[in-house]
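Inspection log for the structure reproduced underneath, given as structure tokens.
2 protein chains.
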Amino acid sequence: MATNKVSLAGPITLRDVARAAGVHPGTVSRALNPETRGLVNEHTAERVLDAAKELGYRPNPIARGLRTNRSHTIGVLVPDLMNPLFAAVVRGIEDGLRDGGYTPLIANTDNDTDRERVAFEAMSARQVDGFIAATATRDHWLLADAVALGAKVVLVNRRVDSDALPAVTGDDHEGVRLAVEHLTGLGHRRIAHLAGSQALYTGWSRHQGFVDAMLAARLEPDRSLIVFSEVFTEREGARCCGELLDRHSEFTAIVAGNDLLALGCYDALEERGLRCPADVSVVGYNDMPFVDRFRPPLTTVRVPHYELGATAAQLMLEQLHGVDAPPRQLLLAPELVVRGSTAEAAGTVSAAGAGPVSAAAAGTAGEQAAGAAGAEALSNRRKADHNTPSLDTSQSRR
Amino acid sequence: MATNKVSLAGPITLRDVARAAGVHPGTVSRALNPETRGLVNEHTAERVLDAAKELGYRPNPIARGLRTNRSHTIGVLVPDLMNPLFAAVVRGIEDGLRDGGYTPLIANTDNDTDRERVAFEAMSARQVDGFIAATATRDHWLLADAVALGAKVVLVNRRVDSDALPAVTGDDHEGVRLAVEHLTGLGHRRIAHLAGSQALYTGWSRHQGFVDAMLAARLEPDRSLIVFSEVFTEREGARCCGELLDRHSEFTAIVAGNDLLALGCYDALEERGLRCPADVSVVGYNDMPFVDRFRPPLTTVRVPHYELGATAAQLMLEQLHGVDAPPRQLLLAPELVVRGSTAEAAGTVSAAGAGPVSAAAAGTAGEQAAGAAGAEALSNRRKADHNTPSLDTSQSRR
DNA sequence: ACGATTGCAGCAAACGTTTGCAGTCGGGTG
DNA sequence: CACCCGACTGCAAACGTTTGCTGCAATCGT
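Chain order of the listed sequences is A and B.
With the first letter of the first sequence counted as 1, position 17 gets the number 17 in the working numbering; the numbers rise by one all the way through.
One rule links them: number in the working numbering = place in the second sequence (from 1) + 398.
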């Protein structure tokens, strides 16, 4: 009779439920936790559940966190949310984590090491249970240290050189292969590459992919047709494309490391009175929102960013649930989206002579694509990446 | 001598610092908190600070939160992070909150009431100290209830009809005035409006602004030239623009409630073989990233979204610091960005016959239009909006 | 010189959970 | 019957802070 009270004095606590159910708070705790429910009599458990629902009990995650050193929170480190690419990744992460009852704690680092460390430590202090990072450079001390200290880390979109950290990224190697194949299919022979920063895995692997794809197409990846940019921005794209043009090496197409870099190409070409795709074809990477609206609509490689985030979340959940499998590196299959920025090679057709793409090349391409569609750890592929007779990437050290 | 220990056994706690400084943990707590530092001897305080820094002490926000019922965390409710508009707002919020030592906890609601409530309650359970919401509809029960229950709430980008909730938004009224003025300056007289959802403040106020601006330009806002969309998407924009065109009312320009709607206009116009801006000018709203890249580059009204978020954060911090001023509604100044989607009016000069439209016809049509368009009660336009013009620029400087 | 005031620091009780340990009770086994 | 075992559930100690209260000097007022 005395248990009937108006819910006024603050939120309902475990003790309130205990009182209502006529049991000890500890029992309530056990009854409410699915893990430990087996320890309490089925009948009383039910009574407790009822009382809890009746009172509208909501557990206090803070108190729980203090006791358990777990917050059900995952720190998400991202370079810049304003970049739609990362926004999509973050949404994927959020939705993926929700299924496991976890919440993301998001911080932008602006690619600044100091900001990242600050964010990282703030998150650590807040007792996050793990980190999902989209900020990795190929050699990332911070994350490596963190994992050495026992932190759970999953990389997304970008990974590190080492296989020590679990990661889910797009299959860049395959992606630029698709791009190059598309261009060669249009008759392009002299294809340039505007590579992204080689300190970032995305920039590096796309460059590797480009070289391999060119070799596979029996084309010589001409060093004078490759330029390395520092950052993934339009300005930088324009600068580098200008540099490319100033070299006066003939080329009819550009594979850009990024949609932003591709956009920069638009600018540089226009500035010099060249037309895309009439004079030179451009293909980007990522398929950001609205690139289909550009002038011309951009041919690009779509990366499933949302899925990247969602599966990264899955990987994290697995790790949190104590699965102690070795870190996996997942590759998600990209997809070529052909739009208006690529056209048949006109300028150099005369120069390169006639001839469709060889059937052999198409055949092997198909097999690789099928394999990649599986999207599971293609560890062998990774080795292929590293074995590539890499064309002088050292010049691009920042 | 005994105080010298390797930092191994877990993180440093208040007690560790106390031991090192030779004082009681309570004293350490007081010394470390600027608020209460006055209670402890200056000399000992210094000793404590030194010890804390020496040991690399990091306070445990969880424990603190348990004791104080404060988490130094702000719940941020946003419709969709993938919309670059909101991404910018969120970045502004994050940066603004950081100055005050607060961290945002972000959730996407997808404009879904249920998801919003779930997110809201999850955040409440996590003891957030307040909410910044970009999800408001003009009548928002959830947020109103929350504030009635003592929650601190600040609205951003969208506000509610009532003046009860503090909010910082763009000055939509002024924004579309700029747009209309720009168009009339180019000789447009028959100007259509593709309004956004009237359930959202942005949609509603821009509509109001349109009507007022037309009246101010001595043009009659023709009811047949106004169409209301349901949601801010390209598809919807195309649909509504098509509807507008099907009415066969002459017009030479469209003011869209949104860049996305404007994009939809592009589609609808193209579908009907009309050209922008040659046949009809289009102006958007928001100046999303990359709209300068569209075909044609979109003339639009820039809203300082980042600053919106940053000042919303400021408002929240004020509220948290116990300032008990009545809720303020801040307006940030918009800016017209003229690009390629607007041009001099050409078409209707011939269609409407000689010279300007007849005053008489315009007059009667105008009255009807005013009455009809006034269905949205334009007469009682928010006076508050214009009572606070002085605040907006001063507050927008961060 | 004596009581009152002040400045400072220690004490301990919270905050709401979780969880090892111990106790209780009933029933089965030797 | 003594014993033990299993199934429960109560007890209480944590987790790391904050904060009202108390205690104790030293200082002040007269």
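Ideal Cβ placement from N, Cα and C applies to all residues, glycine included.
With 16 other Cβ atoms within 10 Å as the buried cut-off, status of residue i
i, result
"A:W204", "buried"
"A:R119", "One detail in the question is off: residue 119 of chain A reads as Ala in this sequence, not Arg. Under this definition A:A119 is a buried residue."
"A:E94", "buried"
"A:L308", "buried"
"B:E628", "exposed"
"A:L39", "exposed"
"B:G548", "exposed"
"A:D16", "buried"
"B:N684", "buried"
"A:A52", "buried"
"B:G682", "buried"
"A:A372", "Because A:A372 sits at a pLDDT of 34, beneath the cut-off of 50, its placement in the model cannot be relied upon, and the following sentence gives the value as read from the coordinates. It is buried - the Cβ of A:A372 has at least 16 other Cβ atoms within 10 Å."
"A:V323", "exposed"
"B:S739", "buried"
Proximity below 8 Å, CB of residue i to CB of residue j
i, j, result
"A:G257", "A:G175", "no"
"A:I62", "A:D129", "no"
"A:D110", "A:P79", "yes"
"A:C241", "A:G264", "yes"
"B:S647", "B:S679", "no"
"A:D259", "A:V291", "yes"
"A:A87", "B:L479", "yes"
"B:T411", "B:T425", "no"
"B:L598", "B:R536", "yes"
"B:L617", "B:R587", "yes"
"B:R693", "A:R293", "yes"
"A:T299", "A:R339", "yes"
Residue i versus residue j: straight-line alpha-carbon distance, rounded
i, j, result
"B:T631", "A:L245", "39 Å"
"A:V48", "A:S29", "9 Å"
"B:L503", "A:V76", "11 Å"
"B:R417", "B:N439", "17 Å"
"B:V735", "B:Y704", "17 Å"
"A:A310", "A:L332", "11 Å"
"A:P277", "B:R557", "45 Å"
"B:L584", "B:E742", "5 Å"
"B:P702", "B:L713", "16 Å"
"B:G798", "B:E433", "Residue 798 of chain B lies beyond the range of chain B shown here (399 to 796); nothing can be said about it."
"B:D543", "B:K550", "11 Å"
"B:L576", "B:E733", "8 Å"
"A:A253", "B:R489", "37 Å"
"A:R239", "A:Q198", "17 Å"
"B:R700", "B:L430", "44 Å"
"A:D50", "B:A520", "21 Å"
"B:G494", "B:H719", "15 Å"
"A:T169", "B:L581", "47 Å"
"B:H591", "B:G635", "11 Å"
"A:S162", "A:N108", "24 Å"
Contacting residues, own chain, Cβ-Cβ under 6 Å from residue i (five flanking each side not counted)
i, result
"B:E668", "none"
"B:L553", "A531, A534, L563 and A565"
"A:L317", "G100"
"A:Y57", "I12 and V17"
"A:P474", "The displayed coordinates of chain A run from 1 to 398. Any statement about residue 474 of chain A would go beyond what the structure contains."
Residues of its chain near residue i, where Cβ-Cβ distance is below 7 Å and the 5 sequence neighbours each way are ignored
i, result
"A:W141", "none"
"B:V578", "I589, F608, A611, M612, A615 and V653"
"B:D570", "T600, S603, R604 and G607"
"A:P289", "P84"
"B:H470", "P459, G499, Y500, T501 and D527"
"B:G408", "none"
Residues near residue i in its chain [Cβ-Cβ closer than 8 Å; skip 5 each side]
i, result
"A:A325", "E318"
"A:R70", "R64, Q127 and D129"
"B:R673", "L667"
Determine which residues of the segment 88-108 of chain A have a Cβ less than 8 Å from any Cβ of chain B, and write them out in chain order.
With the criterion set as a beta carbon lying under 8 Å from some beta carbon of chain B, the members of the segment 88-108 of chain A are A88, V90, R91, E94, T103, P104, L105, I106, A107 and N108, in sequence order.
Beta carbons nearer than 7 Å to chain A: which residues of the segment 683-709 of chain B have them?
F688, R691, F692 and R693
Please name the residues in the segment 58-77 of chain A whose beta-carbon is closer than 8 Å to at least one beta-carbon of chain B, in chain order.
R58, P59, N60, P61, I62, A63, G65, L66 and S71
For the segment 176-203 of chain A, which residues have a CB atom closer than 7 Å to at least one CB atom of chain B, in sequence order?
In summary, no residue of the segment 176-203 of chain A has a CB separated from any CB of chain B by less than 7 Å.
Residues within the segment 241-270 of chain A neighbouring chain B, beta-carbon criterion of under 9 Å
L263 and Y266
Could you list the residues in the segment 313-336 of chain A with a C-beta less than 8 Å from some C-beta on chain B, going in chain order?
none
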